[in-house]
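Chains P and Y, in that order, give the protein sequences. Note that my numbering has the first sequence beginning at 1, numbered continuously upward. Note that my numbering has the second sequence beginning at 330, numbered continuously upward.
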Amino acid sequence: MSTTEEGLARWLGEHFGEPVTVDGLRESSAGARRRNCLFDAHLGGRTMPLAATIIPTADIQILDPASEGEVRTVAEDGGVPVPHVHGSTLDGSYVGGPFFISDRIEGETIPRRVLRQAAALGHGDQVVGQIGTALARLHAIDPAKAPAALVVPPDNAPVAAALAGLELAIDGLLKPEPAFAYGLRWLREHRPTEPEQLTIIHTDVRNGNIIVGPDGLRAILDWEGSRLGDPMEDVAWPQTRMWRFGEDANILGGLAGVEPYRAGYEGAGGIWDAPRIQWWRALTTLRWGTGLAGQSAAHLDGRFRSIIMAGSGRRVSELAWDALLLMRP
Amino acid sequence: MQFRPDANELLADIASLLEDKVIDAVSGPLQHQVRVAANLARIVEREVRLGEAAATAEQARLVPFVGADGDLATMRRRLCDRLLSDAPIDDGELAALYDALQATLRDDLAISKPGYDAWTGA
Numbered sequence: 001m002s003t004t005e006e007g008l009a010r011w012l013g014e015h016f017g018e019p020v021t022v023d024g025l026r027e028s029s030a031g032a033r034r035r036n037c038l039f040d041a042h043l044g045g046r047t048m049p050l051a052a053t054i055i056p057t058a059d060i061q062i063l064d065p066a067s068e069g070e071v072r073t074v075a076e077d078g079g080v081p082v083p084h085v086h087g088s089t090l091d092g093s094y095v096g097g098p099f100f101i102s103d104r105i106e107g108e109t110i111p112r113r114v115l116r117q118a119a120a121l122g123h124g125d126q127v128v129g130q131i132g133t134a135l136a137r138l139h140a141i142d143p144a145k146a147p148a149a150l151v152v153p154p155d156n157a158p159v160a161a162a163l164a165g166l167e168l169a170i171d172g173l174l175k176p177e178p179a180f181a182y183g184l185r186w187l188r189e190h191r192p193t194e195p196e197q198l199t200i201i202h203t204d205v206r207n208g209n210i211i212v213g214p215d216g217l218r219a220i221l222d223w224e225g226s227r228l229g230d231p232m233e234d235v236a237w238p239q240t241r242m243w244r245f246g247e248d249a250n251i252l253g254g255l256a257g258v259e260p261y262r263a264g265y266e267g268a269g270g271i272w273d274a275p276r277i278q279w280w281r282a283l284t285t286l287r288w289g290t291g292l293a294g295q296s297a298a299h300l301d302g303r304f305r306s307i308i309m310a311g312s313g314r315r316v317s318e319l320a321w322d323a324l325l326l327m328r329p
Numbered sequence: 330m331q332f333r334p335d336a337n338e339l340l341a342d343i344a345s346l347l348e349d350k351v352i353d354a355v356s357g358p359l360q361h362q363v364r365v366a367a368n369l370a371r372i373v374e375r376e377v378r379l380g381e382a383a384a385t386a387e388q389a390r391l392v393p394f395v396g397a398d399g400d401l402a403t404m405r406r407r408l409c410d411r412l413l414s415d416a417p418i419d420d421g422e423l424a425a426l427y428d429a430l431q432a433t434l435r436d437d438l439a440i441s442k443p444g445y446d447a448w449t450g451a
């Protein structure tokens, strides 16, 4: 067993209270912020296909792995497809950082492969409908069940918090960008009321954070950005153009139009608020633009020298273009 | 004055070298970095060819909204200040400004991501 396999086996042995061996370890994605390791655990004559999400200790994290495991479990209990979480630890002595362990679910996760599979099987409408249903179920969960670590917007006002955050980001841009200023003015003028009820939101459901098989949607991944917020923010984000991977006419992740997604959301009891969704689409698109601008700033001031971060600065016009399309006068 | 190849010819040569030879000679994260570097060389090559005309056109488009004083950077700053202030702007002027900003973004995208502006849906 490798060092990581040994560490995982040791934790699993303590967790299940019987000897465990681990083999077949491979990294499913070499993310900068977290390692996703897939492996087999053997105990008591059976084999469990598992996945470990490991967060290097020194790294910045949005949500600690124990709380991320907790929110996944709350979502699973609410009927959202999530890989079942077996447990988590903040102890870095097992594998060099905190981690949680969940079931390993087979299927496609790489966006272009997800698109190819949907094109071959013709099940794009079904998958986006299932995404809509999953979001409606998440938003139906009593927010009192949310793990204590989930961020709550100040004064329970997610619209104000998002606007304030965007204002700060636009103010900090290296170059004044008129399209962003236009966008911020539009967002202020079309600002919706604060939502009556905050819900748990995932904040990053999209093609790229889902597992899809021939039978359709199998799981929603990457819950580290979860917080309390306006459910329409969650409904807006999967529609962002960048998650269509070139299939622009298929608004929902390049997979299908918005209608089956809406039907899935409403069919599971979600309330679809079109103007509010439009507002969140515009805001999150601009916010992602300021994020790309921030990456180029981190490169230029030496915090994170990287040709990829440098290139992000030259993608800002794409997000400005997409945002303006959502803000026609 | 520098002899030929000129700047955009050299940038195209660098991009071709990265795309045709280097990408296949490396792997993993470095391969992704080389691909991004090649794309950036292509962007700068187009900027050398198209950037000056784009800036002149952008400046002309902004005159009706912020006057003609100062250079392009000053005019952009003035426009941002105006948009972010509470002073009212009537609907007709906002619509004209929207068109001007879209026209400028088309020129920007012709440099940074040709073809991206073909999509005009939601």
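Virtual Cβ for every residue (Gly too), placed ideally from N, Cα, C.
Residue i - DSSP class collapsed to helix/strand/coil
i, result
"Pro178 of chain P", "helix"
"Ser356 of chain Y", "coil"
"Asp23 of chain P", "strand"
"Thr3 of chain P", "helix"
"Val316 of chain P", "helix"
"Thr47 of chain P", "strand"
"Thr193 of chain P", "coil"
"Glu108 of chain P", "strand"
"Ile170 of chain P", "helix"
"Arg333 of chain P", "Since the first residue of chain P shown is 1 and the last is 329, residue 333 of chain P is not available in this structure."
"Thr240 of chain P", "coil"
"Thr385 of chain Y", "helix"
"Val95 of chain P", "coil"
"Gly396 of chain Y", "coil"
"Ile372 of chain Y", "helix"
"Ala52 of chain P", "strand"
"Val152 of chain P", "coil"
"Val80 of chain P", "coil"
"Gly269 of chain P", "coil"
"Gly246 of chain P", "coil"
Supposed contact pair residue j and residue i - C-beta distance, whole angstroms, cut 8 angstroms
i, j, result
"Thr449 of chain Y", "Glu387 of chain Y", "Between Glu387 of chain Y and Thr449 of chain Y the Cβ distance is about 20 angstroms, and since that is not below 8 angstroms, they are no contact."
"Leu430 of chain Y", "Pro178 of chain P", "6 angstroms"
"Ala256 of chain P", "Gly107 of chain P", "Contact flag wrong, Cβ pair sits at about 18 angstroms."
"Ile200 of chain P", "Leu228 of chain P", "6 angstroms"
"Leu326 of chain P", "Gln278 of chain P", "6 angstroms"
"Arg411 of chain Y", "Val395 of chain Y", "7 angstroms"
"Thr193 of chain P", "Asp234 of chain P", "That pair is no contact at about 18 angstroms."
Boundaries of the beta strand (DSSP E) in which residue i is found, first to last residue
i, result
"His42 of chain P", "35 to 43"
"His299 of chain P", "It is not in any beta strand (DSSP E) - His299 of chain P instead sits in the alpha helix (DSSP H) that spans 274 to 300."
"Met309 of chain P", "Here Met309 of chain P belongs to no beta strand (DSSP E); instead the alpha helix (DSSP H) covers 307 to 312."
"Ser88 of chain P", "85 to 89"
"Asp103 of chain P", "99 to 103"
"Leu438 of chain Y", "Looking at the DSSP string, Leu438 of chain Y is not in any beta strand (DSSP E); the run it does join, the alpha helix (DSSP H), is 420 to 441."
"Arg199 of chain P", "According to the sequence provided, residue 199 of chain P is Thr. The question's Arg does not apply to it. From DSSP, the beta strand (DSSP E) with Thr199 of chain P extends over 199 to 201."
"Gly229 of chain P", "227 to 229"
Residue interval of the alpha helix (DSSP H) (run including residue i)
i, result
"Ser345 of chain Y", "336 to 346"
"Leu217 of chain P", "It is not in any alpha helix (DSSP H) - Leu217 of chain P instead sits in the beta strand (DSSP E) that spans 216 to 220."
"Met404 of chain Y", "401 to 413"
"Leu255 of chain P", "First-last for Leu255 of chain P: undefined, no H or E at that position."
"Leu138 of chain P", "124 to 140"
"Asp77 of chain P", "65 to 77"
Close Cβ partners of residue i (< 7 angstroms) along its chain, the five nearest in sequence each way excluded
i, result
"Arg305 of chain P", "His299"
"Ala236 of chain P", "Ile277, Trp280, Arg281, Thr284"
"Ala161 of chain P", "Pro153, Pro154"
"Val82 of chain P", "Arg72, Ala75, Glu76, Ala219, Ile220"
Residues of its chain near residue i, where Cβ-Cβ distance is below 6 angstroms and the 5 sequence neighbours each way are ignored
i, result
"Gly78 of chain P", "Arg137, Ile141"
"Leu221 of chain P", "Asn209"
"Ala297 of chain P", "Leu174"
"Thr109 of chain P", "Ile211"
"Arg26 of chain P", "Leu38"
"Met404 of chain Y", "Leu391, Val395"
"Pro195 of chain P", "Asp230"
"Gly95 of chain P", "For the record, residue 95 of chain P in the displayed sequence is Val; it is not Gly. Excluding sequence neighbours, Val95 of chain P sits near Thr4, Gly7, Ile54."
"Gln295 of chain P", "Met309, Ser312"
Other residues of its chain near residue i: CB distance less than 8 angstroms, five sequence neighbours each side excluded
i, result
"Gly421 of chain Y", "none"
"Thr240 of chain P", "Arg206, Arg281, Thr284, Thr285, Trp288, Asp322"
"Asp40 of chain P", "Val22, Asp23, Gly24, Thr47, Met48, Pro49, Leu50"
"Arg191 of chain P", "Val159, Leu163, Trp279"
"Gly270 of chain P", "Gly132, Leu135, Ala136, His139, Ala140, Pro231, Val235"
* For the region 298 to 326 of chain P, enumerate the residues whose C-beta is nearer than 9 angstroms to any C-beta of chain Y, in chain order. => Ser306, Ile307, Ile308, Ala310, Gly311, Arg314, Arg315, Val316, Ser317, Glu318, Ala320, Trp321, Asp322, Leu324, Leu325, Leu326
* Which of the residues in the region 174 to 189 of chain P, read from start to end, lie with their CB under 7 angstroms from any CB of chain Y? -> Pro176, Pro178, Ala179, Ala181, Tyr182, Leu184, Arg185
* Asked: If you measure beta-carbon to beta-carbon, which residues of the region 379 to 408 of chain Y are closer than 7 angstroms to chain P?
  -> Arg405, Arg406, Leu408
* **Interface positions of the region 359 to 374 of chain Y facing chain P (Cβ-Cβ less than 8 angstroms), listed along the chain** => His361, Gln362, Val365, Ala366, Asn368, Leu369, Ile372
* Could you name the residues of the region 431 to 446 of chain Y whose beta carbon sits closer than 7 angstroms to any beta carbon of chain P, in the order they occur along the chain? => Gln431, Leu434, Asp437, Leu438, Ser441, Lys442, Tyr445, Asp446
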